[in-house]
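Asks:
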Amino acid sequence: MIGRDMAKSSKKQIEQQIRERALNTANILLTDHARKRMRERRITLAVVYDVLRKGILVREPEPGLRHEALECRMERYVEGRDIAVVVAFEMDTTGLPVITVMDI
Numbered sequence: 001m002i003g004r005d006m007a008k009s010s011k012k013q014i015e016q017q018i019r020e021r022a023l024n025t026a027n028i029l030l031t032d033h034a035r036k037r038m039r040e041r042r043i044t045l046a047v048v049y050d051v052l053r054k055g056i057l058v059r060e061p062e063p064g065l066r067h068e069a070l071e072c073r074m075e076r077y078v079e080g081r082d083i084a085v086v087v088a089f090e091m092d093t094t095g096l097p098v099i100t101v102m103d104i
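Take the sequence shown: its position 22, counted from the start at 1, is 22 in my numbering, and no numbers get skipped.
#1: Would the beta-carbon of T31 fall within 9 angstroms of that of I99?
#2: If we call anything under 9 angstroms between Cβ atoms a contact, is A84 one with M74?
#3: Using the C-alpha atoms, what's the distance from I14 back to K36?
#4: Is E62 helix, strand or coil when you go by DSSP?
#5: Is R76 helix, strand or coil when you go by DSSP?
#6: Rounded to whole angstroms, what's the CA-CA distance from E79 to R59? Just pull it up for me.
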């Protein structure tokens with residue numbers, strides 16, 4: 001069940017929180033799946049950081065199926081490519097687990 005704080009947060013507020021948290025690289029936690037996709041798609045860590053720090057949340061955040069966080073897809077045009085980075089967002093933590101990374 002997603003906490004009330006997240007249900008009350010607007011998409012813009014969540015986007016801003018993701019950007020702020022991403023300023024500290026220690027907050028960005030890459031899952032094994034995300035690392036694998038980065039290698040397969042030749043997406044560097046620097047690009048992931050850039051998308052999280054400067055990207056936009058185009059789609060509405062969705063409840064995660066495997067966790068109690070919101071799945072948020074940050075998007076940005078970087079180095080000649082449209083890239084999306086999906087993170088598991090929770091209000092009560094500063095961590096940003098990266099679920100997957102993709103070209104869009």
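We treat Cβ as the ideally placed atom computed from N, Cα and C, and that holds for glycine. Owing to the predicted nature of the structure, the values given are computational and were not obtained by experimental measurement.
Replies: So, from the listed chains and residues:
#1: It is a contact, given that the beta carbons lie within the stated cut-off.
#2: Taking the C-beta atoms as reference points, M74 is found nearer than 9 angstroms to A84.
#3: Cα to Cα, the separation comes out at about 26 angstroms.
#4: In the structure shown, E62 falls within a strand segment according to DSSP collapsed to helix, strand and coil.
#5: Assignment of R76 by DSSP, reduced to helix, strand and coil, places it in the strand class.
#6: Rounded to whole angstroms, E79 to R59 spans 22 angstroms at the Cα level.
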